[in-house]
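Visitor: If you scroll down you'll find the structure; I have some questions about it.
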Amino acid sequence: MAGTRGIARLRGEQFHNKIMRNNHFDSANKISETYLDIKFHNHREILEDTKIDVFVQANNKEVKGVSQIDVTADVGARSISTGVDVEGVVLTEKVQLRLTGSDTPIGDADSDVVYGRLEEAGGVFTLTFFSIENGAEQLYTFDKKAENIDYRFVIRTNLSVIPVDAIVKGGACFVEGATDARAYMNLVQLMKDIYGKGGTLDNDGNANLATSIVQQIADEDSARQNADKAIRDDFAATTGASLVGVVSDPNYTGLTVQTVLTDLAKRIKTVEHGSDKEVVDAHIRDVASKNGLFPKANFTSLKERLVEIENKTDIRTKELDDRILLLETEEEEEFYEAKGGETSYSLTKGMAKDKSVLVAINGQIQVPTINFECKRDASNRIIGIDFAPDVLKVTDGIPDLLYIRYKKSV
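Numbering (the numbering used here), first residue to last: 39 to 448.
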């Protein structure tokens, strides 16, 4: 039709691939968003349904001398995750610990890594510390001089809402051949055993020692063998005398070790099989004995001195035996006139031997355990008699007369 502009309609499938390019679109006249259906709700549901565990870190916590700390303020108002699909604080995961401001793990006495566990009770969150001892989890208490720590715990959230304080680390998984924290601690321990407390891990792969440990051990072994051989050679020669301090002395002869030993052995053998020689000054008493029994004196021989000691000792021993015999067989007597009212009497001449006490009052024999009891000291020796409730009396001016006979106890 003349003068009429035709309008053609094209379907999308009528365009071949790669025909539409940027110059077919006008940036000033963009397609309205209302004509686009990106199914935003579906995408958000996918993000919300995809759970992710992330770290939340708290820094510079004081742990001196404690096995747990209150971390309620750090956890905040977060709920607790009760399953893999439930968002909140994860209590089943270990809490990682590091020295403040570093990535250095914390080790116990035998280099096992110290870690934490979050616990909740009545809305209060507690971080308790543990390490592995003999294959089992044991409570760990920090030293009273321990440095402050940083720690990070796990929260479960979704991809649509990641907390602003969360730490997301890509590739945070176990990798075959990677060095774990305990291996790192063992490496630090080995380094300090080799270099001392001032040693460091340079992380450059180059040796820090000019001579390797293996070579040092080999050199030390070689030097020790040479030194031992030199010592043996010196002992076999005259030089050996100076090594053990062999000097000129009237008690032996020779300047080499072997000569001195031979001479001393000969002298000892002579003494053992009899000799008219004695050890120098053995027969001289330079000072008197402490109690004067053996005064200062010179003797012509050691035998004379020993005989003198034996004789004096024999005399003193006989005197002591006689005294003991006299004490054990001699009887003692005591008399006492009553003053009235006495219920007991203490021996005045010594202690009595057991079963040797004879007691009489006014000439009448008293029977033990019936008329009286023996009084004894802490060593069970008899020191007197007790006749309570009976008492000694004075009747018409005439006092009771107490008579005691006994053998003395040594």
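Every residue, glycine too, gets a C-beta built ideally from N, C-alpha and C.
Quick one: is E125 buried, meaning 16 or more other Cβ sit within 10 Å of its Cβ, or exposed?
Guide: Start at 1 with the first residue of the sequence shown, and residue 125 comes out as number 87. E125 comes out buried.
Visitor: Shortest alpha-carbon distance to L430 belongs to which of A376, N67, K393 and I436?
Guide: To locate residue 430, count along the sequence shown from 1; it is residue 392. Among A376, N67, K393 and I436, the Cα nearest to that of L430 is on A376.
Visitor: Would you kindly work out how many angstroms separate the C-alpha atoms of A189 and T195, rounded to a whole number?
Guide: Position 151 of the sequence shown, counted from the start, is the residue given in the question as residue 189. Position 157 of the sequence shown, counted from the start, is the residue given in the question as residue 195. First, the amino acid is wrong: residue 189 is Tyr here, not Ala. Y189 and T195: Cα-Cα distance of roughly 19 angstroms.
Visitor: Quick check: the Cα distance between K68 and V152, rounded to an integer number of angstroms?
Guide: Mapped onto the sequence shown, residue 68 falls at position 30. Mapped onto the sequence shown, residue 152 falls at position 114. K68 and V152: Cα-Cα distance of roughly 60 angstroms.
Visitor: Specify the secondary structure class of T195 as computed by DSSP and reduced to three states.
Guide: In the sequence shown, residue 195 corresponds to position 157, counting from 1. In the structure shown, T195 sits in a strand (DSSP, three-state: E or B).
Visitor: Mapping DSSP to helix, strand and coil, what is K387?
Guide: Within the sequence shown, the letter at position 349 stands for residue 387. Of the three classes helix, strand and coil, the one that applies to K387 here is coil, per DSSP.
Visitor: Helix, strand or coil for N336 per DSSP?
Guide: Reading the sequence shown from its first residue, position 298 is the one you call residue 336. Reduced to three states, the DSSP call for N336 is strand.
Visitor: Please identify the residue among V295, Y290 and A256 whose C-alpha is closest to the C-alpha of I269.
Guide: Taking the first residue of the sequence shown as position 1, residue 269 is located at position 231. When each option's Cα is compared against that of I269, the closest is V295.
Visitor: In terms of alpha-carbon separation, which member of A159, R343, F191 and L135 lies closest to F180?
Guide: Locating residue 180 in the sequence shown gives position 142, where the first residue counts as 1. Answer by Cα proximity: L135.
Visitor: For A111, count neighbouring Cβ atoms within 10 angstroms of its own Cβ and tell me buried if that reaches 16, exposed if not.
Guide: For the purposes of this step, residue 111 is identified with residue 73 of the sequence shown, where counting begins at 1. The residue in question, A111, is exposed, as its Cβ has fewer than 16 Cβ neighbours within 10 Å.
Visitor: From the DSSP secondary-structure annotation, give me the bridge partner or partners of I420.
Guide: The residue labelled residue 420 in the question sits at position 382 within the sequence shown. According to DSSP, which records beta bridges pairwise, I420 is partnered with A390 and R414.
Visitor: With respect to the alpha helix (DSSP H) encompassing R19, which residues constitute its N-terminal and C-terminal limits?
Guide: Residue 19 lies beyond the stretch modelled for the chain, which goes from 39 to 448, so this question has no answer here.
Visitor: Please state whether the Cβ-Cβ distance between I187 and V252 is less than 8 angstroms.
Guide: Position 149 of the sequence shown, counted from the first residue, corresponds to residue 187. Position 214 of the sequence shown, counted from the first residue, corresponds to residue 252. No. Outside cutoff.
Visitor: Span of the alpha helix (DSSP H) holding A426?
Guide: Stepping through the sequence shown from its first residue, residue 426 is reached at position 388. Careful: A426 lies outside any alpha helix (DSSP H) and carries neither H nor E.
Visitor: Can you check DSSP and say which residues form a bridge with P406?
Guide: Your numbering for residue 406 matches position 368 in the sequence shown. DSSP lists F410 as partners of P406.
Visitor: Kindly indicate which three-state DSSP category V92 falls into: helix, strand or coil?
Guide: On the sequence shown, position 54 is the one that residue 92 refers to. Looking at V92 - three-state DSSP - the assignment turns out to be strand.
Visitor: Is the separation between the beta-carbon of L177 and that of S105 shorter than 8 angstroms?
Guide: The residue given as residue 177 occupies position 139 in the sequence shown. The residue given as residue 105 occupies position 67 in the sequence shown. A contact, by the Cβ cut-off of 8 angstroms.
Visitor: Can you tell me whether DSSP reads D108 as helix, strand or coil?
Guide: The count along the sequence shown starts at 1 and reaches residue 108 at position 70. Of the three classes helix, strand and coil, the one that applies to D108 here is strand, per DSSP.
Visitor: Quick check on DSSP: helix, strand or coil for T433?
Guide: Residue numbering aside, residue 433 sits at position 395 when the sequence shown is read from its first letter. Strand.
Visitor: Is there contact here, the region 415-434 with the region 338-346, by at least three beta-carbon pairs under 8 angstroms?
Guide: No: the two stretches stay apart, fewer than three of their Cβ pairs being nearer than 8 angstroms.
Visitor: Looking at Y444: is its Cβ nearer than 8 angstroms to the Cβ of K391?
Guide: Position 406 of the sequence shown, counting from 1, holds the residue named residue 444. Position 353 of the sequence shown, counting from 1, holds the residue named residue 391. Yes, the pair counts as a contact, with Cβ atoms nearer than the cut-off.
Visitor: By DSSP's criteria, A174 is part of a beta bridge. Which residues make up the other side?
Guide: Here residue 174 corresponds to residue number 136 of the sequence shown, with the count starting at 1. In DSSP, A174 forms a bridge with E171.
Visitor: What separation, rounded to the nearest whole angstrom, lies between the Cα atoms of N254 and L228?
Guide: Here residue 254 refers to the residue found at position 216 when the sequence shown is read from its first residue. Here residue 228 refers to the residue found at position 190 when the sequence shown is read from its first residue. The identity of residue 254 in the sequence shown is Gln, whereas the question assumes Asn. Each residue's alpha carbon lies about 17 angstroms from the other.
Visitor: Measure the C-alpha to C-alpha separation of G209 and S65 and round it to an integer number of angstroms.
Guide: Within the sequence shown, residue 209 is the residue found at index 171, counting from 1. Within the sequence shown, residue 65 is the residue found at index 27, counting from 1. At G209 the pLDDT is 42, less than 50, meaning the model places this residue with poor confidence; the figure from the coordinates comes in the next sentence. Spanning the two alpha carbons is a distance of roughly 40 angstroms.
Visitor: From A174 to F163, what distance separates their C-alpha atoms?
Guide: One-based indexing of the sequence shown puts residue 174 at position 136. One-based indexing of the sequence shown puts residue 163 at position 125. Taking the straight line from one Cα to the other gives about 24 angstroms.
Visitor: Between which two residues does the beta strand (DSSP E) harbouring Y153 extend?
Guide: Position 115 of the sequence shown, counting from 1, holds the residue named residue 153. Residues Y153 to A159.
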